[in-house]
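Here is the structure we will look at, set down as structure tokens.
Numbering (my numbering), first residue to last: 751 to 1106.
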């Protein structure tokens, strides 16, 4: 059997920067497996990939193919990023302090084409930007031309610079505030979930205590274990009407969970970690899947729902990105048209949808 990694490398040498779907065709396999092959090659530093995406997928390329990579991603740039890219391509070197706030923000997002350079001057260090195809030696005289240009001394120009600097600072503060608000919302949702689970557990303990106090002789350990509770009772002690309960966790139960477990077991998929999100309706797993390249780890979202919408897909994909793992969506339902288009057009190679 030919080495899939060599086939992928030969494809990139022959055809240049490519999307995972194009490499998958060369390997005669699916996008998920092709992405795993490319991921291994990038970890070995044999293949590079872009920060920018086309249709939700990164572009993979070899060292020396930077110019071809730029040709691939530049048509997908829009709005202010495109304007900043065209300015940098024209000037080749830009001085950060002379740029508009939106240009500074856009250049920081153009990680594939805009390379930051810190230049040490007599008073302080200054930030410059060069186009990625320009070497440091080629950039040096262009930077010197900026430095040798006399600084404007009019009051009007100084005030304009101060205003520009203030505007950029305000934009940075707004972005930081947005990040804090998002983190706060995520923490709030997590706290709500924990509070709900705590309340349910406390109610279970309260019911057990009341039953024991009403019928201390009849409420034997065997009878209590037969009662339906979220967690089994490991030990019960009665001392002067004071009750000590020790709770032991167990695996979830239910028809949907059994279906998932059987599917994973039949396909020789190992469960590394699992979490119940909604009782017998939604579960999160970290799984290990055997492949021709060895054992690969994935984030798996399992959901018992008739109609899967775009929001379901996007949330699962976001969780996978947070965990830095490719995502598998396992469900009893079907994707609606909008969700299906989202997977095909924007999440190529990043999420696999599987209907049970």
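In this text, a Cβ means the ideal position worked out from N, Cα and C, and glycines have one as well. Predicted, not measured: the structure shown is a model, and the values here were computed from it.
Same chain only: Cβ atoms within 6 angstroms of residue i, ignoring 5 sequence neighbours per side
i	result
residue 861	801
residue 818	766 and 767
residue 1045	1038
residue 812	762
residue 822	767 and 809
Bridge partner(s) assigned by DSSP for residue i
i	result
residue 818	According to DSSP, which records beta bridges pairwise, residue 818 is partnered with nothing at all.
residue 877	868
residue 1038	1020 and 1047
residue 714	Since the first residue shown for the chain is 751 and the last is 1106, residue 714 is missing from the structure and cannot be characterised.
residue 1033	1026 and 1052
residue 811	798
residue 1084	1057
residue 804	807
residue 844	879
residue 768	810
Other residues of its chain near residue i: CB distance less than 8 angstroms, five sequence neighbours each side excluded
i	result
residue 1084	1056, 1057, 1058 and 1105
residue 937	none
residue 976	Residue confidence is low: residue 976 scores 48 on pLDDT, short of 50, so the model does not pin down where it sits. Its coordinate-derived value is still stated next. Around residue 976: no qualifying Cβ.
residue 820	862, 863, 882 and 883
residue 771	781, 784, 807, 1098 and 1099
residue 792	798, 799 and 810
residue 875	868 and 869
Assumed close pair residue i, residue j - CB separation to whole angstroms, cut-off 8 angstroms
i	j	result
residue 1038	residue 1020	4 angstroms
residue 1069	residue 1092	About 16 angstroms separates the two Cβ atoms, so there is no contact after all.
residue 1043	residue 848	So it is not a contact: roughly 49 angstroms between Cβ atoms.
residue 866	residue 877	6 angstroms
residue 1082	residue 1062	Rounded, the Cβ-Cβ distance is 13 angstroms, inconsistent with contact.
residue 1119	residue 1051	With the chain running from 751 to 1106 in the structure shown, residue 1119 is simply not present.
residue 1075	residue 1049	4 angstroms
residue 871	residue 897	7 angstroms
residue 1101	residue 1067	5 angstroms
Between the CA atoms of residue j and residue i - distance to the nearest angstrom
i	j	result
residue 895	residue 794	40 angstroms
residue 1004	residue 1012	12 angstroms
residue 884	residue 814	13 angstroms
residue 1034	residue 951	21 angstroms
residue 769	residue 1065	23 angstroms
residue 762	residue 810	8 angstroms
residue 1096	residue 804	8 angstroms
residue 1040	residue 1018	8 angstroms
residue 827	residue 754	32 angstroms
residue 958	residue 940	27 angstroms
residue 704	residue 1016	Any question about residue 704 goes unanswered here, given that the chain covers just 751 to 1106.
residue 1047	residue 956	41 angstroms
residue 1087	residue 846	45 angstroms
residue 1028	residue 799	37 angstroms
residue 788	residue 1090	24 angstroms
residue 1103	residue 1032	15 angstroms
residue 1002	residue 1072	25 angstroms
residue 759	residue 927	43 angstroms
residue 833	residue 824	11 angstroms
residue 756	residue 778	14 angstroms
residue 934	residue 923	16 angstroms
residue 944	residue 930	21 angstroms
Residues near residue i by beta carbon distance below 7 angstroms, same chain, minus five either side
i	result
residue 831	856, 859 and 860
residue 780	774
residue 880	842, 843, 865, 867 and 889
residue 816	882 and 883
Check: residue i C-beta below 7 angstroms from any heavy atom of the ligand SAM
i	result
residue 881	The ligand SAM is not part of the structure shown, which contains no ligands of any sort.
Exercise. Report yes or no: do the segment 830-837 and the segment 845-861 share at least 3 C-beta pairs separated by less than 8 angstroms?
Key: yes
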